[in-house]
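Asks: Top to bottom, those sequences are chains X and S. So for the first sequence, this note's numbering puts the first residue at -19; every next one is plus one. So for the second sequence, this note's numbering puts the first residue at 518; every next one is plus one. Mind looking over this structure? Questions follow.
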Amino acid sequence: MEKILFIDPEKCTGCRLCETACSLHHEKVVNPSLARIHVAKWETAGLYIPVVCVQCESPICQTVCPVGAISRDEKTGAVVIDPNVCVGCRLCALYCPFAGAQIDLKKGRILKCDLCGGSPVCAKFCDPQALQYVKATTANMMKQRAAAQKFSELMKKMLTAP
Amino acid sequence: MVWSRKIAYINLSTGKVEQKPIPRDMRTLYLGGRGIDMYLLYNHISPGIDSLGSDNVLMVGVGLLDGIPCLGSGRCDIAAKSPLTGAVGDSNIGGFFAPELRLAGFDHLVISGKAEKPVYIWVNDGEITVEDASHLWGQDTFETQTAIRKDHNDDDIKSVVIGVAGENVVRFANVRTGMKNSAGRTGMGAVMGSKNLKAIAARGTTSIEYAHPDELLDYCKEMNDMIIGTRWAKAQSKWGTMIIYSNTNTTGLIRTKNFQLNRLENGEDLEPEVIDRYSFGTSGCYGCVVHCRHRYTLKEGDSEPIFGEGPEYTSLGAFGTMVNCTKMDTVLKANHLVNKYGIDTLETGGLIAWAMELYEKGILTEAQTDGLKLEWGDEKVVYELIRKIALREGFGSVLADGFKPAIAKIGKGSGYYAIQVKGMSNLHSDERPTPSFALGIATSTRGSDHLRSRPAIDLYGLPEELLEEIYEGPVTSDSTRYEGKPRMIWWQERLYAVTDSIGTCKFQTVFCAVHAPKWNEFSKLIQLATGMEVSKAQLMEIGERIYTLERLFNIREGFTRKDDALSERYFKEPTPIGLPSAKGKTIDKERFEKMLDEYYSLHNWDQNGVPTKEALERLQLDKEPSHMI
């Protein structure tokens, strides 16, 4: 479990391929309301932010689950819900600060990203790479480089200022 | 399943809504989207009706493949008799509305009658209601969408709306969704306005089932890789359609000062790279890996910055080259204004450029233009005319009726300077050096248009063998020649008709990219998504059926071979500048007519452009109107 689903909202173009592919993979239908990922949009400001479970190290959902249905998949690192144990109390959805768990009343269940068993379909479909399934070390490096780039632009501005 | 998606008939005069299934036969003959819309158009609109009266019928159609995760499969087709041309009115719109409508349970809406007061149609998980829109009347296209979301307390509602221009029945008012997408052409917004219909809003949470979901998912990924693997899509994902400017303004294929030049002097500020000054990222339609538009902010003095999306190559022409404005600032601001008011960018630019040339020639004077000096390159005049057109104020109201009525009103030979076909403005591309493009705009069923049949790859000078393989017959590689060009147009017409009917994006088929998904890929996608087996040959026949039915509609409205024509200037005035392939060119009248003959015979239409009995029988059009739906 050395990889994480790395989200870079600045690269998101808002196309919703992640939602579409997610629902087609998991539910065998296209229905964004059953997708485990959702792109929150502020259209009039041009702001798009993919929202999906971040697979916390200390998952709040796991802590609040009264029946112990939530555990970590050691192979993928995903926090997963055992549907045979889950009683559908929705406490996980209620307490998750990242909106990582969604309520599906039609089937009386919780929808939550399981990293597709180690090969997330959303990341595969995300050509602009707003979603990437990469090693944590790689993700760190990418963040550092992006920060450094911004810093270098600032430096350039300062050095060329009259 | 796609098959469970319904058609709804909404009568705005009575408020009655009727839902029906869509027969499978309809799918095998017309697929969906534009195809079924054209069937409905031919069947539900009586000949000779007033396009702005209650007899006109507005069609909204979701493409057959809408919703699948590839090729920008979120497209919607909006049709009616055009108030701009009197011919087929039909415009295709991207964004996110069509998938939402389908998720709400509907693939087609047939909207008839006229509401007594402003209304909007609300479609939500199988239910359709007609809601009061008096609080939305007067709001711009952005405000309207936000207000509808507020009405239902749901940020995921998608709507197609009209702006103030549609309310004022400007004959080229468009229908808009999101920040950028427009069903821009043929005045579908005017039809909505004439019906007191401010918007159609949808929200859906039902599931779209597919015949082979796992294989479909894999194949969609393959399709996305295929399109983004082309150089065209890669360039477009960075610069949008603005990338075309780099080529056309270098070679001399771009109309400037209406029709006087074919290259913009000092046009460096309109180069696509300039958008970096304003952009903070790109934006994509539903299911699209190409994301061809920029999200930009424009700051002017102390006023609040404008946020907009785009601009398209079309706007670089409309508010750049055509009116001789050389600043990206002007294009971005004008782009924002037309989007806000809800008028077609292309038609608006075409009309303003025409008026400027008339002013220069002394045909128009300040007495007729409300005191405005219509000088080339004056951006303030451009902004003011946009406002006047949208609000139908003074001289703006003359232009707001489009070319044909404006020519009649202004007179004095003004028609000679109007660059239009069937009453609709040409794009700002200069077709004099490219006979294939010229034939395409002349024959387009919805009036002058580049999206009906343009073989853009004709410009690449590709090996003849490759072109003959694509176009399945003798064609020429040299874009300045006339031979073989009718075949290119005929092939593209059918491809685009099918693309508009399955609901994917034209930029993700053979438009500018040679190695893009086309017939066989579409055939496989249809099979995996719906289980329907449609061969390449059958798809081509469906394309032919749709295009021929459009032709029949126009013939019924009185259009003839004479209307498949170009402005006289194409034959008389040679292009003044450009590279050797573009300089000194006119369209040769005799060879143009010969192309037209050949084009008609490829379709199996007679020399007046009327489909033969044999053609109609083969395409099962001989019994139309058949009123199946």
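C-beta atoms are modelled at their ideal positions from N, C-alpha and C, and glycine is treated no differently.
Give me the residue from X:98, X:84, X:41 and X:63 with the minimum Cα distance to residue 77 of chain X.
Replies: X:41
Asks: Leaving out the 5 sequence neighbours to the left and right, which residues in its chain are closer than 7 Å to residue 780 of chain S when beta-carbon positions are compared?
Replies: 766, 769, 771, 773, 1094 and 1095
Asks: Are the C-beta of residue 1120 of chain S and some C-beta of chain C separated by less than 7 Å?
Replies: Here chain C cannot be found, since the structure's protein chains are X and S.
Asks: So, is residue 487 of chain S buried or exposed, given that buried needs 16 or more other C-beta atoms within 10 angstroms?
Replies: With chain S represented from 518 up to 1146, any question about residue 487 of chain S goes unanswered, as that position is not in the structure.
Asks: Using a Cβ-Cβ cut-off of 7 Å, state whether residue -6 of chain X counts as contacting chain S.
Replies: yes
Asks: Between residue 1022 of chain S and chain X, is any beta-carbon pair separated by less than 7 Å?
Replies: no
Asks: Tell me the start and end of each unbroken beta strand (DSSP E) in the stretch 558 to 633 of chain S that is at least 3 residues and wholly inside, in chain order.
Replies: 575 to 579, 593 to 598, 605 to 610 and 623 to 629
Asks: Might you give, ordered along the chain, the residues of its own chain that have their beta carbon closer than 7 Å to the beta carbon of residue 559 of chain S, omitting 5 neighbours on each side?
Replies: 1066, 1069, 1070, 1141 and 1142
Asks: List, from N- to C-terminal side, the alpha helix (DSSP H) runs of 4 residues or more that fit wholly inside the stretch 815 to 897 of chain S.
Replies: 830 to 833, 845 to 858 and 862 to 877
Asks: Please list the residues of the stretch 95 to 121 of chain X that have a C-beta atom closer than 8 Å to any C-beta atom in chain S, keeping them in chain order.
Replies: 101, 104, 105, 107 and 108
Asks: Would residue 88 of chain X count as contacting chain S if we go by Cβ distances under 7 Å?
Replies: no
Asks: Roughly how many whole angstroms lie between the Cα atoms of residue 563 of chain S and residue 73 of chain X?
Replies: 55 Å
Asks: Three-state secondary structure (DSSP) at residue 75 of chain X?
Replies: Residue state for residue 75 of chain X is assigned as helix, using DSSP reduced to three classes.
Asks: For the beta strand (DSSP E) that contains residue 1047 of chain S, what are its first and last residues?
Replies: First-last for residue 1047 of chain S: 1036 to 1047, but that is the alpha helix (DSSP H), not the beta strand (DSSP E).
Asks: Run through the DSSP bridge pairs and tell me what residue -11 of chain X is partnered with.
Replies: BP columns for residue -11 of chain X are empty, so no partner.
Asks: According to the Cβ coordinates, are residue 525 of chain S and residue 665 of chain S closer than 7 Å?
Replies: no
Asks: If you follow the alpha helix (DSSP H) that residue 777 of chain S is in, where does it begin and where does it stop?
Replies: From DSSP, residue 777 of chain S is part of no alpha helix (DSSP H); its letter is neither H nor E.
Asks: Consult DSSP for residue 726 of chain S and reduce its assignment to one of helix, strand or coil.
Replies: strand
Asks: Between the stretch 915 to 923 of chain S and the stretch 686 to 705 of chain S, are three or more C-beta pairs nearer than 8 Å?
Replies: yes
Asks: By a C-beta neighbour count over all protein chains shown, 10 Å radius and 16 as the cutoff for buried, is residue 22 of chain X buried or exposed?
Replies: exposed
Asks: At 4 residues or longer, what runs of the alpha helix (DSSP H) sit wholly inside the stretch 922 to 982 of chain S?
Replies: 952 to 960
Asks: Taking 8 Å as the limit between beta carbons, can you name the residues of its chain near residue 496 of chain S, skipping five residues before and five after?
Replies: In the structure as shown, chain S starts at 518 and stops at 1146, and residue 496 of chain S therefore has no counterpart that could be examined.
Asks: Name the chain X residues whose beta carbon is nearer than 8 Å to that of residue 812 of chain S?
Replies: 26
Asks: Could you tell me the boundaries of the alpha helix (DSSP H) in which residue 1068 of chain S lies?
Replies: 1053 to 1073
Asks: With a threshold of 7 Å between beta-carbons, can residue 800 of chain S be considered close to chain X, or not?
Replies: Interface with chain X (7 Å Cβ-Cβ cutoff): residue 800 of chain S is included.
Asks: So, is the C-beta of residue 1049 of chain S closer than 7 Å to a C-beta in chain X?
Replies: no
Asks: Under 6 Å Cβ to Cβ from residue 581 of chain S, same chain only, skipping five residues before and after it: list those, please.
Replies: Counting only Cβ-Cβ distances below 6 Å, and skipping sequence neighbours, we find 548, 549 and 1019.
Asks: Sorted by chain position, which residues of the same chain lie with C-beta nearer than 8 Å to residue 67 of chain X's C-beta, five sequence neighbours on each side aside?
Replies: 46, 47 and 49
Asks: Label residue 1028 of chain S either buried or exposed according to how many other C-beta atoms from any shown protein chain fall within 10 Å of its C-beta, with 16 as the threshold for buried.
Replies: buried
Asks: Can you grab the Cα-Cα spacing for the pair residue 102 of chain X / residue -14 of chain X, in whole Å?
Replies: 11 Å
Asks: Under a three-way DSSP split, which group does residue 144 of chain X fall into?
Replies: Because chain X is modelled from -19 through 142, residue 144 of chain X falls outside the range shown and cannot be assessed.
Asks: Please confirm if residue 13 of chain X has its CB atom under 7 Å from at least one CB of chain S.
Replies: yes
Asks: Using a Cβ-Cβ cut-off of 7 Å, state whether residue 806 of chain S counts as contacting chain X.
Replies: yes
Asks: Does residue 130 of chain X get closer than 7 Å to chain S when you measure Cβ to Cβ?
Replies: no
Asks: Using a Cβ cut-off of 7 Å (strictly closer), state whether residue -17 of chain X contacts chain S.
Replies: no
Asks: Under a three-way DSSP split, which group does residue 1108 of chain S fall into?
Replies: helix
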